[in-house]
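The sequence shown maps to residues 36 to 354 in the numbering used here.
No residue lacks a Cβ here, since even glycine has one placed at the ideal position from N, Cα and C.
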Amino acid sequence: MTSPLLAAATVLRRRSRWQTAALCVVLLCAAYLGRRHWPVLESGADQLAGADQGWLLAGAAAAVATWACAALAQQGSVAERLPGGRLLAAQFAASAANHVLPAGLGAGAVNLRFLMRCGLSAGRSASALAVKAAAGALARAALIAVLAASCPGVLRLPHVSAPTVAAVLAGLLAAAVLPAVLLRGPLRARCGRAVCSVLADIRAVHTRPHRAAALWGGSLAFAAAHALVVIAVAQAVGLPLSPARVALLYLAASSAAALLPTPGGIGSLDAALAFALTTAGAPGASAASAVLGYRLLTVWAPLLPGLLVLGFLIRRRAV
Numbered sequence: 036m037t038s039p040l041l042a043a044a045t046v047l048r049r050r051s052r053w054q055t056a057a058l059c060v061v062l063l064c065a066a067y068l069g070r071r072h073w074p075v076l077e078s079g080a081d082q083l084a085g086a087d088q089g090w091l092l093a094g095a096a097a098a099v100a101t102w103a104c105a106a107l108a109q110q111g112s113v114a115e116r117l118p119g120g121r122l123l124a125a126q127f128a129a130s131a132a133n134h135v136l137p138a139g140l141g142a143g144a145v146n147l148r149f150l151m152r153c154g155l156s157a158g159r160s161a162s163a164l165a166v167k168a169a170a171g172a173l174a175r176a177a178l179i180a181v182l183a184a185s186c187p188g189v190l191r192l193p194h195v196s197a198p199t200v201a202a203v204l205a206g207l208l209a210a211a212v213l214p215a216v217l218l219r220g221p222l223r224a225r226c227g228r229a230v231c232s233v234l235a236d237i238r239a240v241h242t243r244p245h246r247a248a249a250l251w252g253g254s255l256a257f258a259a260a261h262a263l264v265v266i267a268v269a270q271a272v273g274l275p276l277s278p279a280r281v282a283l284l285y286l287a288a289s290s291a292a293a294l295l296p297t298p299g300g301i302g303s304l305d306a307a308l309a310f311a312l313t314t315a316g317a318p319g320a321s322a323a324s325a326v327l328g329y330r331l332l333t334v335w336a337p338l339l340p341g342l343l344v345l346g347f348l349i350r351r352r353a354v
């Protein structure tokens, strides 16, 4: 193994150890909080059992729509036409894999293998995933901005002094500039070619209006569909918050939970969403019931079928 590859493998192993340690800490904290607030969780589960079935069915339909939205965004990230049926099945399988491995590694690995099976090179497949992830982050930020403007006072940003802002900006600038300064020789050239490849793929996608519409429309619809799941469950359990406020709280909580490398945000998203709902005025039992219902529809119910579909796709060499 050449020295650059050996160094990269060493970095990946260290990163994996840190992610595993962080995952264990988060899950232990979640277990502690669950044990401490078990009466609230039990009351929330009882409330969910008696929830409005019509709203729960609407939430289940929104959960199914998230896979179609993910497939649309993935198609929009490449210029080539992807096989529709296998693309949708891959997104369903990727969502299940994402709840097993930390920090989105499961979904990324499934989609990477799927794109490569469709004839794209490893570099172009990785570029497509990067384009999709960037579009998803921007779409989520846009939705948060629109909902925050329509629900003033829900999100309260902490006061940050000017020196702190300057230090953060300096750190971001250093993080962007230092890699280009420290990289030498072939590694710098390789990184430059990778960046040029991503930019070329972005230009190729946006020269085709239907691909750009699929990318951005699918990304917006994916975030909105997840928010609709939470809204439907909140209505089912009688959460005393408006749908717009629930959607804003979910998007903000899920964005914050994405900073922790837990599988599918398990533990981190649950705590962040429950905290956000109770802070906004929801009763603790109702908030816990809404979180449990969201997890039931998006994680636990489709988990086993998704893993079975993943196994089928692997056997058929579709991923």
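**OP:** State the Cα-Cα distance for the pair C153 and L312, rounded to the nearest angstrom.
**Re:** A direct Cα-Cα distance of roughly 42 Å separates C153 from L312.
Subject >> At least three beta-carbon pairs within less than 8 Å, the stretch 116-125 to the stretch 303-318 >> reply: Judged by Cβ distances under 8 Å, the stretch 116-125 makes no contact with the stretch 303-318, as fewer than three pairs qualify.
Original post:
Over what stretch of residues does the alpha helix (DSSP H) that includes C104 continue unbroken?
Top reply: Segment Q88 to G111, the alpha helix (DSSP H) holding C104.
**OP:** Kindly list the residues whose CB is nearer than 6 Å to the CB of A105, restricted to its own chain and excluding five residues on each side of it in sequence; keep chain order.
**Re:** Q126 and F257
Subject >> Integer Cβ distance of W90 from A174, believed to fall under 8 Å >> reply: Their Cβ separation, rounded to whole angstroms, is 25 Å, which puts W90 and A174 out of contact at 8 Å.
Original post:
Within this structure, are the beta carbons of A307 and T101 separated by less than 8 Å?
Top reply: no
Original post:
Roughly how many whole angstroms lie between the Cα atoms of V61 and H245?
Top reply: Its pLDDT being 46, under 50, V61 is placed unreliably in this model, and the value from its coordinates should be taken loosely. Approximately 41 Å, taken between the alpha carbons.
Subject >> Proximity winner among L182, S324, A325 and I301, relative to L286 (alpha-carbon distances) >> reply: L182
Subject >> Nearest residue (CA-CA) to W335, options D87, A98 and A86 >> reply: A98
**OP:** May I ask you to report which of helix, strand or coil DSSP gives R351?
**Re:** coil
Subject >> Close Cβ partners of S185 (< 7 Å) along its chain, the five nearest in sequence each way excluded >> reply: Closer than 7 Å at the Cβ level, and outside the excluded window around S185, lie A279.
Original post:
Which of helix, strand or coil does DSSP assign to V61?
Top reply: Unreliable placement is indicated for V61, whose pLDDT of 46 sits below 50; the coordinate value is still reported in the next sentence. In this structure, V61 counts as helix in the three-state DSSP scheme.
**OP:** Could you please give the first and the last residue of the uninterrupted alpha helix (DSSP H) stretch that includes I301?
**Re:** Where I301 is concerned, there is no enclosing alpha helix (DSSP H), given that its DSSP letter is neither H nor E.
Original post:
So, using beta-carbon positions, are S254 and G171 closer together than 8 Å?
Top reply: yes
Subject >> Three-way DSSP call (helix, strand, coil) for V272 in this model >> reply: coil
Original post:
So A114 is in the alpha helix (DSSP H); what residue range does that whole segment cover?
Top reply: Looking at the DSSP string, A114 is not in any alpha helix (DSSP H), and its letter there is neither H nor E.
Original post:
Is it buried or exposed for T333, if we count other Cβ within 10 angstroms and need 16 for buried?
Top reply: buried
**OP:** Rounded to whole angstroms, what's the CA-CA distance from A239 to V272? Just pull it up for me.
**Re:** 46 Å
**OP:** Mark P23 as exposed unless 16 or more other C-beta atoms lie within 10 angstroms of its C-beta, in which case mark it buried.
**Re:** Within the shown structure, residues of the chain are numbered from 36 to 354, placing residue 23 beyond reach of any answer.
Original post:
Would a C-beta distance cut-off of 8 Å place A129 and L342 closer than the cut-off?
Top reply: no
**OP:** For the alpha helix (DSSP H) holding P318, just list the boundary residues, first then last.
**Re:** P318 -> no alpha helix (DSSP H), and no H or E assigned at all.
Original post:
Between G111 and L123, what straight-line distance do the alpha-carbon atoms span, to the nearest angstrom?
Top reply: G111 and L123 have their C-alpha atoms some 13 Å from each other.
Subject >> Contact under 8 Å by Cβ, L155 with A163 >> reply: yes
Original post:
Does DSSP classify S156 as helix, strand or coil?
Top reply: coil
Original post:
Taking just the CA atoms, how far does L147 sit from L304?
Top reply: 25 Å
Subject >> Beta-carbon proximity list for A248, same chain, < 8 Å, skipping 5 on both sides >> reply: G111
Subject >> Whole-Å CB distance - V166 paired with D236, under 8 Å assumed >> reply: 6 Å
Original post:
With DSSP run on the structure shown, which of helix, strand or coil describes G85?
Top reply: coil
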